[in-house]
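Beneath this line is the structure, given in structure tokens, with notes to follow.
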Amino acid sequence: MKNEQTDQEQFDEQVNKSGKVFLEIAAGVGVFAALIMSLVALMVASNNSNSSAATAANGQPDRLSTVGRSLATGPPSATIMIDHVTRGCHTLDVNGSGRLSPRATIHLAAGGVLHMQNNDVMPHTLVFARGPQATLVGAAMGHMGAKSTVTFPAAGTYSLTTKAGEDYMKGVTTTGPDNTLRIKVIVAA
Ligand SMILES: [Cu+2]
105 MKNEQTDQEQ FDEQVNKSGK VFLEIAAGVG VFAALIMSLV ALMVASNNSN SSAATAANGQ
165 PDRLSTVGRS LATGPPSATI MIDHVTRGCH TLDVNGSGRL SPRATIHLAA GGVLHMQNND
225 VMPHTLVFAR GPQATLVGAA MGHMGAKSTV TFPAAGTYSL TTKAGEDYMK GVTTTGPDNT
285 LRIKVIVAA
């Protein structure tokens, strides 16, 4: 009994000692980790300003401040697929979510880009339905897999739709009237 007590005391003492050493090491590691993390943060920050600078170098220097300010208020890009469906012929899939609807509302930061792809069985031409306009590239998506990009330099609510053409091939049967695709893009200030 007595011996056990002593052993226990010795053990406690050792634990205390090694515990202190461990704490000292842990504190050292902590300081080191904090240094590494702030370095990483600095690198990420400088990368971000680099990409903003690249945008400015593209000939839109006035956009630089807008991009910097609005990155926190909306994503810089979104992707919408036009998919073929039996009911209504075509529908939209936003950012590969798999939730299909002929209407989509997306949020973007100013300077943001919408990537469109037409996987329907007919051509679609992307147009602004009303309201403010933005830059359309490749609006006439005339084959399966055709892509278009829309860049939104300024804040606002944009309404896009498509003008559908004739099926590439005969014999594609669908039910109900063809859907009208409506895309609302809310660009943050
Ligand atoms: Cu269609």
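Numbering (my numbering), first residue to last: 105 to 293. We treat Cβ as the ideally placed atom computed from N, Cα and C, and that holds for glycine. Here the structure is a predicted model, which is why all the values come from computation and not from measurement.
Practice task
Compute the minimum distance between the beta carbon of Met245 and the heavy atoms of ligand 1, and state whether it is under 7 Å.
Solution key: Locating residue 245 in the sequence shown gives position 141, where the first residue counts as 1. Met245 Cβ: outside cutoff for every heavy atom of ligand 1.
Handout entry: Where Thr277 falls, given that 16 or more other Cβ within 10 Å makes a residue buried
Key = In the sequence shown, the residue the question calls residue 277 occupies position 173. Exposed is the call here.
Exercise for the section: Inspect the CB distances between the segment 208-218 and the segment 239-251 and report whether three or more fall short of 8 Å. Expected result: no
Handout entry: Delimiting residues of the beta strand (DSSP E) encompassing Arg203
Key = Residue mapping note: residue 203 aligns to position 99 of the sequence shown, counting from 1. In the DSSP assignment, Arg203 falls outside any beta strand (DSSP E), carrying neither H nor E.
Problem - Distance, Thr279 Cα to Lys288 Cα - result: By 1-based counting over the sequence shown, the position of residue 288 is 184. By 1-based counting over the sequence shown, the position of residue 279 is 175. So the alpha carbons of these two residues sit roughly 26 Å apart.
Handout entry: Cβ-based burial, Pro281 [other Cβ within 10 Å; buried from 16]
Key = Here the question's residue 281 lines up with position 177 in the sequence shown. The residue is exposed, with fewer than 16 neighbouring Cβ atoms inside 10 Å.
Problem - Sufficient close CB pairs (3 or more, under 8 Å) joining the segment 254-265 to the segment 185-196 - result: Contact between the segment 254-265 and the segment 185-196 is not established, with fewer than three Cβ pairs separated by less than 8 Å.
Problem - ligand 1 heavy atom lying under 7 Å from the CB of Ala238 - result: Numbered from its first residue, the sequence shown carries residue 238 at position 134. It does not: the Cβ of Ala238 is nowhere closer than 7 Å to a heavy atom of ligand 1.
Exercise for the section: Find the nearest neighbour of Thr255 within the set Glu270, Pro236, Asp271, judged by alpha-carbon distance. Expected result: Locating residue 255 in the sequence shown gives position 151, where the first residue counts as 1. It is Pro236 whose Cα lies nearest to the Cα of Thr255.
Problem - Buried or exposed by the 16-neighbour rule on C-beta atoms within 10 Å, applied to Gly275 - result: If you number the sequence shown from 1, residue 275 lands on position 171. Result: exposed.
Exercise for the section: Mind checking which residues open and close the beta strand (DSSP E) that includes Met185? Expected result: The sequence position of residue 185 within the sequence shown is 81, counting from 1. First-last of the beta strand (DSSP E) with Met185: 181-189.
Problem - Met226 CB to nearest heavy atom of ligand 1 below 7 Å - result: The sequence position of residue 226 within the sequence shown is 122, counting from 1. For Met226, the shortest C-beta to heavy atom distance toward ligand 1 is below 7 Å.
Handout entry: Contacting residues, own chain, Cβ-Cβ under 6 Å from Arg207 (five flanking each side not counted)
Key = The residue given as residue 207 occupies position 103 in the sequence shown. The residues are Arg286.
Problem - DSSP three-state assignment for Thr265, whether helix, strand or coil - result: Along the sequence shown, one-based indexing puts residue 265 at 161. Correct three-state label for Thr265: strand.
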